[in-house]
Structure formats: structure tokens, C-alpha cells
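Engineer:
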Amino acid sequence: MNFLMKMMLFCRCGLFLTALLVVRFQSAEAGNDDGHCVWYKVCSDKDAEFKKNCFYNGMPQPLLDQKAINTVISLCPDLVGGDEIPALCCDAEQVEILDKSVSTVLPYFSRCPSCSRNFLQMWCQSTCSPKQSLFMEVTDTVNETRGISVSGVHYLMKEEFATGIFNSCRNVLDPSTNQRAMNIMCGGLMDDECTVAEWLDFLGSPSKNPMAPFEIVFERYKQDSVNISSKIMYPLNATVFSCAQATDNNTTPCSCQDCPTVCSEMIPYPSYEKKRCFIGQMDCLVFVALLTCCSVTVVIVCITVVHHVLLEKEAVKSSSLNDKMPIGVSCGQQALLNADDVSSCAKIGAWLENKIEDKFHRWGVLCTRHPCLVFFFGITVSLICTSGLCYMQVTTDPVQIWSAPGSRARSEKDYFDKVFDPFYRIEQLIIVPKNQSQFVAADPLDNVEFHWGPVFRKEFLHEILQLQKQIENLTAEVENKPVMLKDICVQPLAPEKTECMIQSVVSYFQSNATNLDDEYYEEGFLISNWLSHLRSCLRNPIQVMDTTMFKMPCLGEYGGPIFPYVALGGFEGSDYISSKAAIVTILVNNYDDPKANEKAQAWEKIFINFIKNYKSDNLSISFKAERSIEDEIERESRSDVSTILISYCVMFVYIVLALGQYDIQGYNFLHLFVQSKILLGLLGVMIVMLSVVSSLGFFAYVGIPTTLISIEVVPFLVLAVGVDNIFILVQAFQRGHGKGNEDVEEQIGRITAEVVPTMLLSSFSESFCFFLGALSSMPAVKVFSLYAALAIFFDFFLQITCFLALFTTDVRRQQSGRLEICCCVRVEPSDDVSDGFLHSIIRQYYSPCLLWKPMRVIVLVIFSAWFFSSVAVIDKIELGLDEKLSMPEDSYMLSYFKSMNQYLAVGPPVYFVLKGDFNYADVGMQNQICGSAGCNENSLYGQLFRAATYSNRSYIAAPVTSWLDDYFDWLRPLGSPPCCLESAEGICHSCVSSYTSGRPAPDAFSTFLPLFLLDNPTDTQRMRNQFA
């Protein structure tokens, strides 16, 4: 979009060249057989839009005006030769018109000197050649106030002359449009569609070219002479330079980008296509996994069979030996290990294990003796950490969540945002008609029928226009001040034009309902309507005047072009007429400072609510605003709060049911509340939640911002780990019957010594693994790992302090026969407590089944198959984050993502930025960047051009826009007077007078650069880079 406005005047330029051929001529007497003039001087009024030449059938006249002579020498050196006063068929006024006309067209071809020279040759010969009658024939004239003017000609040229001009220019790129300049000069026909015949036909046909003042018929011949109406004529065959030739000693051949002939052999762009390995028709990885799985299965079965046979033999042998042994002696008895047989590592391990168990035994006794002290110690530490929540910062920006600050992509983006400001905020609507049927309609201009896509129905366009106007009028409020779209949108041509940059199909009509409904009739017949205008604009969107009788611009109301591949969707290739969706894209200013974006965010909120509530029977809308993804992620996180609470409640119920030992003794239901674990389960779940909050608060103190993803996921993770530890500790006590007269303190100490080391090892391992995950450079993974690791540590800490203290208190309550809910009530305690239902199922059924030898083999085979089937498809995992997975299931963004994949034809732009000290004023440095004539073939532009040539491999869809090449054109304007800069008074000024090797002098380069960056296009100078 940074080059949109640079193309505004192109049509006018190319088409106006045709007007050169229609300049008026004064009558005169016929000349001799060597050729004479067919027109001379200008007969049209001075205020006429198109100046026509006077009909003149006489000899060429001397050109006496020195300024005009200098212009002819500059533009048409072949017509002057060595004569100081050339005799031509044009006067000074005609030369001035020629100069002004070509000045608006040649910038498109100026990158290639030979193309420019050839293009000028065609118009110089027709305008001023002293032998016009040999290759031009006047076919029609018209009376005007100043005489008889020419209104129709036949222009004869040799085939090789016409083809030579066309071939020298056909590959010249216009950097401002990223397409071939010849496509624009061909009436919008693209690449191979544009031929010599189509090109010349467009230049001379008023029905196709709104700037052609009369019919010019270009006729091409292979013969040197032809008989036309009993008159021998000689088709023009002037000098033509190929694009690989220099036109003189001061010029260079065209660049590789504009002339494939001069390119060295282009090495194909590297292919990064993933190569697949197949054995037969089976993927290699699948084959290897299947073969390995079968081999492992065979090995498992063989080992099992062999082991079974050996055991049988050992059993028979053992039985035979036992029969021969004395009574009381068995061959199966083994001697006890001696101390010397134990390795040093085993001894150290046993010593360490004993020490840990001893420490935890003492800790368990301490907790039993002083439960309140231990409990308040754990709670105090946790509350201190939790208080850090008041400093907590939550990151919702997807870039900061998923992009590593030190990554290349992030660092380049940060640099770009800091230097140039971030890319525009995008508000986009994908509008799809509910009636998807095409309709057949003829273009009244030429009565050719087309199958139009559903988006081009007039009633549909009217509804889009109405919707667009409503969006423009939406008003938000920031600091008690109204904010509308015009206050925040991108205005490329401000301050001259303050309309917002909106890419929309209705912008072809300048978002004006009157223009959309307009119809043109001639002698009662419909000549042009909205379809005529659309067809013209879809072929050439940069026209300042379409090819219909409306003469309406195709430019949007903001003053720039509306590219069909941006405003339309659901088409194949470049068949825009078959489009199934309309795309409305609104660009809003974006800033690196979040404070500066508050107005835009407030307006976007109103925009989102408006579109959500918009109802229509004719269309469906998928949409997004710049803030949409952040909003939806935040909304999903808020909705997950209920999910987290429900999961904790479910886990609480599970703990109560699983840990409670519900036996009714003597039909006394109060015993249920003695053995229940309702309060213990509730407090245990709260401790798990407290560990999560403590982790959040601690890192808030440290200054590490959290993410909504961490807040959502960590509670579930810690809940699973914490509940496991609760079960391990409580059930170890329930199933570990006391030894002798062991009191509660010793029993808790023993249980603590048995199970807490296991909990320590498990929690330490999990925390350590998560801390390792914090080494990841991805912020989301790093933050999640840190928070999860510390939460697991806090969970272990609180469970061996707070929970252990609560548990010892609960054990004393249970042993004293007090009810859990009302501890003042006591019942007779009972030691006869049965195991739980689940425990009985596992012990009586599941464990025996799993330990059955055939089942062991089956389990091994099943899990081996599962493992290798996973290995077989591991290469199918796609890298990257699918943004649809981060959205809630009811999010409007899911509809947008679906429509985006289905209808959008273009992706985001890519910028190539040069960093560091670089002297752009130096010609050698310029040649390393630019892409016009004289630039290095392997310049930055050349390399990117090569990449765009292989777009299926490089993913660069089109050649890049080069501001440097635009600047060169802007500094060397053509016309009379040469105008690269227009003052406030409307006076044109030439910018540069001295050049080195065809480039501006270093001082001039730096002097005029700021003016170029701020300049807006006008009728006399088209190049601009203010918003590039």
C-alpha cells in the first residue's frame, strides 16, 4: 500500500500520448514524392482538453524557437541530425505539447533507457517527422474555430519496428505498482494477454482509451512499401534499440529486472520442499516403525516362552533335589548377603536414605506436637508471597506471548516499530452474499456477456456502501471527547485529502451511491452502467478516468487505487469478475506507544459491538479488529475461571469420597462423620490453590509478568500433583497400622519418614523439569515453566507444613471419636474400618488380572504397538501455532479465520530494511540496492526480484517496491518545465541539474530527499513516497 498513489496519473499519461497524434494541421499544398507533412500547428482552442493538429498538406517548416529546438534534440535526436535549424512538421507549440505528454508516461519506462528512446521515437516521428505523408494518412477531419483539424489517421509502421518497441518495453517494471509498466499501457491486460496488437489498439481506440481524442489505426506491415488507395506508402521503420543495448555513450543497457536478455544465467531459487521417503507405497518411517514393532513383539513372545520353559525345568529340577535333601533343608534357600558384598554406592545410598527418613521422622513428630506453630509458619510464608499479587502484570499481546525477545523476527520487528512505527492497525470485513449464484449480464460498452460473481449485484453493493458509511460514522468516547474513524485512520494524502484509506469494491465509485446508480445513454441506448465501470477498473485500477463514457476515476475517495486482489475474494487467478466475496479493509494509524493507541482501541470496541449486532438477510459478515485476538484471549481466560473452580470442586468431592472410610456401626450414622474427610479435603484443595497464588505473587515481586495461559493451565497441573500427594500421605496412614503401643506422634513420624521422601523426590523432579523448561526462549513457555515449577515447590512446602499439621489434628479428632463437622459431639471410636470400594476393586480384580502372565505379555505388546504407531506419525506434526486453537469455541474470530482462508487472496506485506551506516548518496552504494539501469545485477533489488520469480519457493509474491528507484525518477522529471516539486503557489521546480553517471550529485541527493518523502502526487509529477 506504500506505493498506491504513485500510479494515479498513469492512464492519463499513456492515453494522452495518443492525443499527440491528433494535433491540428493547417491546410497547405501537397509536397513532393519524398514526403511532406500531413499536419502542422495546433487548431484547437487553447482551453481545449485535447489539442488537435491542423490539417496541412505541405512541406515541413523551419523550427526557429531555440527552446523548442533544444526539446527536440533531447527527445527526438534522430529528427534533428546536424541541422541548426531543422525543418519539421511541428511548431514550438506542438513540441511543448509533446514534451508535456511524454513527461507523464516516460517515468514508467525511464528505468530502461532504450525502451524510453524507442517509445519516444514512435511519437516523435508521428508528431514532427518531415516525411509524415510516407507513413501517415489522414482519414477524417473536423472544422474548428482556428481551422480544419485532424480527427482520424492511419499510422503505418513496419512489423519489426512495432515489435522492437514492444519487446524493449514489455518487461520493464514499474516499482510503484509491482507490475509490468506495459500492463498499464495495455488497458489493464496482464502479462501475456498484452500483445503488440492489443497495445497499439488500446493507444488508438477512443472506446478503450478515454484519453484518445480520435481514432488512430495502427497498421503493421512486413513489406517496405504498400499500396494504399493507389498511393505508395512506406511504413515507418526508424531506429530501434533492444533493451540490451545502450542508446549512446551516456546511457547503459537496461537492468536484468527490466530486460531478461542481459541477465546472466539465473540459478533457480533453492527449493525447501520436504522430500518424502517411500518403500514401495509405504512411508519409510511407517515401514520402520511397523517392522520394529513386529520385531519387538516377536522378541517379547520368545522371551516369555523361553522364560516359561526354563522356569518349568528349574521347578522340576528343584523338586527332584528337594526330595534328596535332609528334612528341613531346601535347595531354594539362599545365603544372606555379607556387608562386604554391598558396593560403596549402595552403602552411600542407604546412608543418605536413612538420614532423610530420620529427618522427616523428626519433622513429622514436630508437626504432631506443635501443629499450630507449623501451620502458621507455612501460612505466613505463603501469604507474604501472595501479597505480591498487587504488583502482578498480565501480558495479553500475542507478539509478547509467543515471540522470543531475542529472536531474529522479534528484534527486527522491534527495530522497525521503533524507527518507522508499527504497521497499520487493520480492521477488516469479509462480506459474503447469501445468494452465491452468478448472474449473466452484458457490458453495454461492447455488449459482451460475462458471468458476474454475486458480489457485483447492485443491491449487494448498495448494502455494502450503506454499511461502510455507518462504520465511518461510528463514534467512541475517550476522555469525554468523541472519536470517529476520520480521527484515527490512515490518510495518505493529508493534508490535501483527509479521506480515510479504505480498500473496498464500492470505492471504485468513490463510495458514492449516485456514481453507483449512474447510467449513460446515447440516442436512447444504454452505453455504460456500473458493470462497465467495474470491468474497466478491475482491468486497470489506477485509472484517473475509466474507459467508459462516464470518464469516472477508478481511484478511491482517499485518492489512491483500489486493487482488486485486496477488495475482492473467492476468485481464481486474476478472474476478478467471478468473485464471491467483498473485502473491506480499513487502515488505522498504529503507534509504538500504547498510550497513543487508546483512541483506536476505543473506536475498535464500538466497531466490534456494531458488527456483532448487525443483521442482514442478504449477506453474512466475518470480521476482525486489531484488538480482536487480545480481546478473545482475555475473554477465554475470564470464562476459564468457572472451569477452574468447577474442577477444584469436583476434586474436593473426589477426595472426600475416596479418603473417607464410611462404615456404619450399630446403625449409628454419626460414625460417618467421624471417618469422613470433608474438612481435610476442602483444606487440602485450598492449600493447592494457595500454592498457585503464592507462585503468582512471588514472580510479581520479581517483576516477571504472567500470561493468561499460565493462569489457566498451572492450577490444573498443580491440582493433579497436589491431590496425588494428599492421597499418598493420608492413605499411607490409613493402611499403615500402628506397631505395638505406638502413639500418634510416633505413627505420624513413621508415616512421614516413609512417604515424604517419595513426595520430595517427585516434587523436586517435576520442579526441576519445569525449571529446565524455563530455558526456552519462547515467552509463553518460559513463563509457564517458571510459574509451574515454583507452584509445585510451594505445593510440597505447604503440604509438609500446613497440610501435615491439619492432618495430625484430624487424626487426633478421629481417634477421639469426634465428629468432623461438629467436633463437640463424640461417639465411641472403632478401629474396625474396612477398605474403600476402589481399593477393594484394585486388590481383588485389577492386580491379579494384571499380574497374570499372559496379560503381562498382552500389555507389553499393546503399549509397544501404541509407542511405535506414535513414532510412525511423528513427522506429521506441523510446526507453529494454529491461531484458531487459541480462540474460544464461540468466538467470532473462528468465522473470520475460516473466511480468511477461503476468500482472501493476499497476505501481509514484507519489508526489507537496511540497517547501519550506509551512504545512499554514493553511486556505488546505490548500485548495490537499486534495480534500474546501471544497477548491479546482484543488488538487493535484483536478489529480491529473483526470489519473486520463484514465488512458489520464496513465498515473495511480487517484485518489491524500491523507494530509491522512485526517487531517481522523481529527481529527473520530464515535461515543460521539468517539475519534481510544486510550491504552494503552484509553481513547478526542477530539482537536480548535475548528474554523475546518470545519478544525482551527492549533495543534491541529500538535499531533496526530505522533500521527496513528503511530496504528494499531482498532475505534473506522480512519484511519491510519503507513506511508503
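Here the sequence shown stands for residues -30 to -1, 1 to 998, numbered as in mature numbering (1 follows the signal peptide of the UniProt record, and there is no 0).
Glycine included, C-beta positions come from ideal geometry on N, C-alpha and C.
The structure displayed is predicted, hence computed values, not measured ones.
(1) Can you say whether LYS178 is buried or exposed, counting buried as having 16 or more other CB atoms within 10 angstroms of its CB?
(2) How would you label MET252, buried or exposed, when you count the other beta carbons within 10 angstroms and need 16 or more for buried?
(3) What does a CB cutoff of less than 6 angstroms around PHE430 pick up in its chain, not counting 5 residues either side in sequence?
(4) Round the Cβ separation of VAL672 and GLN784 to the nearest angstrom and send it over; I've been treating them as touching at under 8 angstroms.
(5) When you compare only the Cα positions, how much space is there between TYR204 and ASN197?
(6) Kindly identify the DSSP beta-bridge partner or partners of PRO32.
(7) Hey, out of CYS524, PHE764, VAL725, whose CA is closest to LEU689's CA?
(8) Which residue's Cα is closest to the Cα of PHE409: LYS550, VAL269, LEU455?
(9) Under 8 angstroms by Cβ, that's how I've got ILE371 and ALA750 pegged, so tell me the actual separation to the nearest angstrom.
(10) Quick one: what's got a C-beta closer than 6 angstroms to ILE754's C-beta in the same chain, skipping five residues either side?
(11) Span of the alpha helix (DSSP H) holding ILE721?
(12) Taking the alpha helix (DSSP H) that LEU49 belongs to, which residues open and close that run?
(13) Taking 8 angstroms as the cut-off, is the C-beta of TRP940 nearer than that to any heavy atom in the ligand SAM?
(14) By Cβ distance below 8 angstroms, which residues in the same chain neighbour GLY157 in space, the five residues on each side in sequence not counted?
(15) Return the Cβ separation of ILE400 and ILE472 in integer angstroms, given the expectation that the two are a contact with Cβ distance under 8 angstroms.
(16) How would you write the range of the beta strand (DSSP E) that TYR125 sits in, first residue to last?
(17) What residues are listed by DSSP as bridge partners for GLN473?
(18) Whose C-beta lies closer than 6 angstroms to the C-beta of MET748 among residues of the same chain, with five residues either side of it excluded?
(19) Between TYR478 and LEU504, is the Cβ-Cβ spacing less than 9 angstroms?
(20) Indicate the three-state DSSP secondary structure (helix, strand or coil) for LEU687 in the structure shown.
(21) Whole-angstrom Cβ separation of GLY706 and HIS331, contact assumed at under 8 angstroms?
(22) Check ALA(-1) in the structure and name its three-state DSSP category.
(23) May I ask you to report which of helix, strand or coil DSSP gives ILE591?
(24) Taking DSSP as the reference, what is the three-state secondary structure of PHE837?
(25) Give the straight-line distance between the Cα atoms of LEU983 and GLU163, rounded to the nearest whole angstrom.
(26) Here's the rule: buried if 16 or more other CB atoms are within 10 angstroms of the residue's CB, otherwise exposed. What is ASN871?
(27) Going by C-alpha to C-alpha distance, which of CYS905, SER590, PHE697, SER86 sits closest to MET621?
(28) Can you give me the C-alpha to C-alpha distance between ARG246 and GLN149, rounded to a whole angstrom?
(29) Give a yes or no on whether the C-beta atoms belonging to GLN406 and VAL554 are separated by under 9 angstroms.
(30) Which residues does DSSP list as the beta-bridge partners of THR676?
(31) I'd like the list of long-range same chain contacts for GLN461, defined as Cβ closer than 6 angstroms, with 5 residues on each side in sequence excluded.
(32) Specify the secondary structure class of TRP372 as computed by DSSP and reduced to three states.
(33) If you draw a straight line from the C-alpha of CYS792 to the C-alpha of VAL344, how long is it?
(34) Do three or more CB pairs link the stretch 827 to 840 to the stretch 249 to 269 at distances below 8 angstroms?
(35) My assumption, with CB atoms under 8 angstroms, is that TYR546 sits in contact with PRO534. Please give the rounded CB distance.
(36) Measuring CB atoms only, is the stretch 574 to 586 touching the stretch 853 to 861, in the sense that at least three cross pairs come out at less than 8 angstroms?
Structural biologist: For this structure:
(1) With a 10 Å radius around the Cβ and a threshold of 16 neighbouring Cβ atoms, LYS178 comes out buried.
(2) Classification of MET252: exposed, given that the 10 Å Cβ count is below 16.
(3) Excluding residues within five positions, the ones whose Cβ falls inside 6 angstroms are PRO403.
(4) Between GLN784 and VAL672 the Cβ distance is about 42 angstroms, and since that is not below 8 angstroms, they are no contact.
(5) Distance from the CA atom of TYR204 to the CA atom of ASN197, rounded to whole angstroms, is 9 angstroms.
(6) PRO32 pairs with ALA57.
(7) The shortest C-alpha separation from LEU689 is found at PHE764.
(8) For PHE409, the closest C-alpha among the options LYS550, VAL269, LEU455 is that of LYS550.
(9) Confirmed, about 5 angstroms.
(10) In the sequence under discussion, the amino acid at residue 754 is Phe, which differs from the Ile named in the question. The beta carbon of PHE754 is closer than 6 angstroms to those of SER680 in its chain, skipping five residues each way along the sequence.
(11) Per DSSP, the continuous alpha helix (DSSP H) segment holding ILE721 begins and ends at 714 to 743.
(12) Element bounds for LEU49: 47 to 50.
(13) Annotation note on the ligand SAM: not contained in the displayed structure, which lists no ligands.
(14) Correct list, in chain order: GLU168, PHE172, LYS178, ASN179, ARG509, ASN510, THR517.
(15) Contact flag wrong, Cβ pair sits at about 15 angstroms.
(16) TYR125 -> beta strand (DSSP E) spans 117 to 128.
(17) Its beta-bridge partners are THR555.
(18) Only ALA374 meet the Cβ criterion.
(19) Going by beta carbons, TYR478 and LEU504 fall inside the 9 angstroms limit.
(20) In this structure, LEU687 counts as helix in the three-state DSSP scheme.
(21) About 13 angstroms; that fails the 8 angstroms criterion.
(22) Residue placement at ALA(-1) cannot be trusted, given a pLDDT of 42 that sits under 50; the coordinates are not used to answer.
(23) It is a strand residue.
(24) In this structure, PHE837 counts as helix in the three-state DSSP scheme.
(25) Whole-angstrom Cα-Cα distance: 35 angstroms.
(26) Label assigned to ASN871: exposed.
(27) Ranking the options by Cα distance to MET621, first place goes to PHE697.
(28) Taking the straight line joining both Cα atoms gives about 36 angstroms.
(29) Not closer than 9 angstroms, so no.
(30) Its beta-bridge partners are VAL364.
(31) For GLN461, where only same-chain residues beyond five positions count, the Cβ hits under 6 angstroms are THR468.
(32) Of the three classes helix, strand and coil, the one that applies to TRP372 here is helix, per DSSP.
(33) Just so you know, the alpha carbons of CYS792 and VAL344 end up roughly 24 angstroms apart.
(34) Yes, the stretch 827 to 840 is in contact with the stretch 249 to 269.
(35) Between the beta-carbon of TYR546 and that of PRO534 there is about 4 angstroms, and that keeps the pair under the 8 angstroms contact cut.
(36) No, the stretch 574 to 586 does not touch the stretch 853 to 861.
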